[in-house]
């Protein structure tokens, strides 16, 4: 089973088969006249090396379609971070991080720090504290979802935005609360999407992957709007005119509704994936039952077994029955 190209592909892929049985088949099973098997999450089965490569290329291409939006978010985040890291006196905060290296651990550190800063403030029920509480309580759901994203800037773009938004709460009291109200919806949405997350971790169905990309893109849109608001606002007081605030708030919550719709779509797709998996199991079980049924029919009409039921010795037929059974069942 030595194929250098195949071995290189198997070792370099981002994700490996989800269970030991699939890994065993990849490493030990070779059927005559058939290409060596490669496990495919899209197909939830085994395909050839060429098919696996094509699936991988298609997946990479899909995710690359949103690379421009990721870069746009990083660009505005870097500008916002620079702005927030400079206070009135020109002194700089020492909390700046490389946004492209940001992870969920960094976000949770910001959550803990902001929670401590707001402990002594009178308005403990503000939208800021609601956000901090929701991110803390639903941290596991958010982190699991981030773990589904491809390696690279995908997860760090989300984490970087959360880090900046939560960190801003410790520096500015008068931040437009609709910002915190909007982003605090994301932890709840991800908590409700747990079933989808679990399904996607097991099987990266191509339709479920597309729904995941749409959800990711919707979240990017909301975060970009928030970052742009921070960038366009006044240095220490992100409050514009009442008309601007109203229009901005409406835009934010339209984006939140878009995220909810995408989350519902991935949940629905996860249910359909599960149904397809159950159907495959049923079909395989049905095929097995057909084989056993045909075998039973054959055995009931075979002279050897008829004779055995009648108490007649069938020693002379013993050696021919096995090959006859195989021929009957397979035809």
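Numbering (this note's numbering), first residue to last: 1059 to 1389.
Glycine included, each C-beta is placed from N, C-alpha and C at the ideal position.
Fair warning: this is a prediction, and the values are worked out from it, not measured in the lab.
Need the endpoints of the beta strand (DSSP E) that residue i sits in, please.
{"i": "residue 1103", "result": "1103-1105"}
{"i": "residue 1096", "result": "1096-1098"}
Starting from residue i, trace the alpha helix (DSSP H) both ways and give me its first and last residue.
{"i": "residue 1133", "result": "1125-1142"}
{"i": "residue 1085", "result": "1078-1086"}
{"i": "residue 1167", "result": "1162-1176"}
{"i": "residue 1066", "result": "1062-1070"}
{"i": "residue 1236", "result": "1235-1241"}
Please classify residue i as buried or exposed, where buried requires at least 16 neighbouring CB atoms within 10 angstroms.
{"i": "residue 1185", "result": "buried"}
{"i": "residue 1438", "result": "The displayed coordinates of the chain run from 1059 to 1389. Any statement about residue 1438 would go beyond what the structure contains."}
{"i": "residue 1078", "result": "exposed"}
{"i": "residue 1329", "result": "exposed"}
{"i": "residue 1278", "result": "buried"}
{"i": "residue 1150", "result": "Legend: pLDDT at residue 1150 = 49, less than 50; position of this residue unreliable, value from coordinates given subsequently. Residue 1150 should be labelled exposed."}
{"i": "residue 1211", "result": "buried"}
{"i": "residue 1088", "result": "exposed"}
{"i": "residue 1263", "result": "buried"}
{"i": "residue 1267", "result": "buried"}
{"i": "residue 1194", "result": "exposed"}
Does the distance from the C-beta atom of residue i to that of residue j stay below 8 Å?
{"i": "residue 1168", "j": "residue 1224", "result": "yes"}
{"i": "residue 1132", "j": "residue 1111", "result": "no"}
{"i": "residue 1202", "j": "residue 1246", "result": "no"}
{"i": "residue 1236", "j": "residue 1189", "result": "no"}
{"i": "residue 1176", "j": "residue 1204", "result": "no"}
{"i": "residue 1137", "j": "residue 1289", "result": "yes"}
{"i": "residue 1099", "j": "residue 1073", "result": "yes"}
{"i": "residue 1219", "j": "residue 1314", "result": "no"}
{"i": "residue 1332", "j": "residue 1310", "result": "no"}
{"i": "residue 1258", "j": "residue 1207", "result": "no"}
{"i": "residue 1272", "j": "residue 1305", "result": "no"}
Enumerate in chain order the residues of its own chain whose CB-to-CB distance from residue i is below 7 Å, with the five nearest sequence positions on each side excluded.
{"i": "residue 1325", "result": "1251, 1253 and 1254"}
{"i": "residue 1097", "result": "1075, 1080, 1084 and 1104"}
Compare the C-alpha of residue i against each of the options and name the closest.
{"i": "residue 1320", "options": "1286, 1280 and 1288", "result": "1280"}
{"i": "residue 1127", "options": "1113, 1275, 1172 and 1118", "result": "1275"}
{"i": "residue 1270", "options": "1283, 1256 and 1282", "result": "1256"}
{"i": "residue 1174", "options": "1160, 1227 and 1218", "result": "1227"}
{"i": "residue 1199", "options": "1102, 1208 and 1248", "result": "1248"}
{"i": "residue 1122", "options": "1285, 1284 and 1209", "result": "1209"}
{"i": "residue 1142", "options": "1316, 1332, 1258 and 1287", "result": "1287"}
{"i": "residue 1135", "options": "1119, 1101, 1265 and 1160", "result": "1160"}
Enumerate in chain order the residues of its own chain whose CB-to-CB distance from residue i is below 8 Å, with the five nearest sequence positions on each side excluded.
{"i": "residue 1260", "result": "1076"}
{"i": "residue 1061", "result": "1094 and 1107"}
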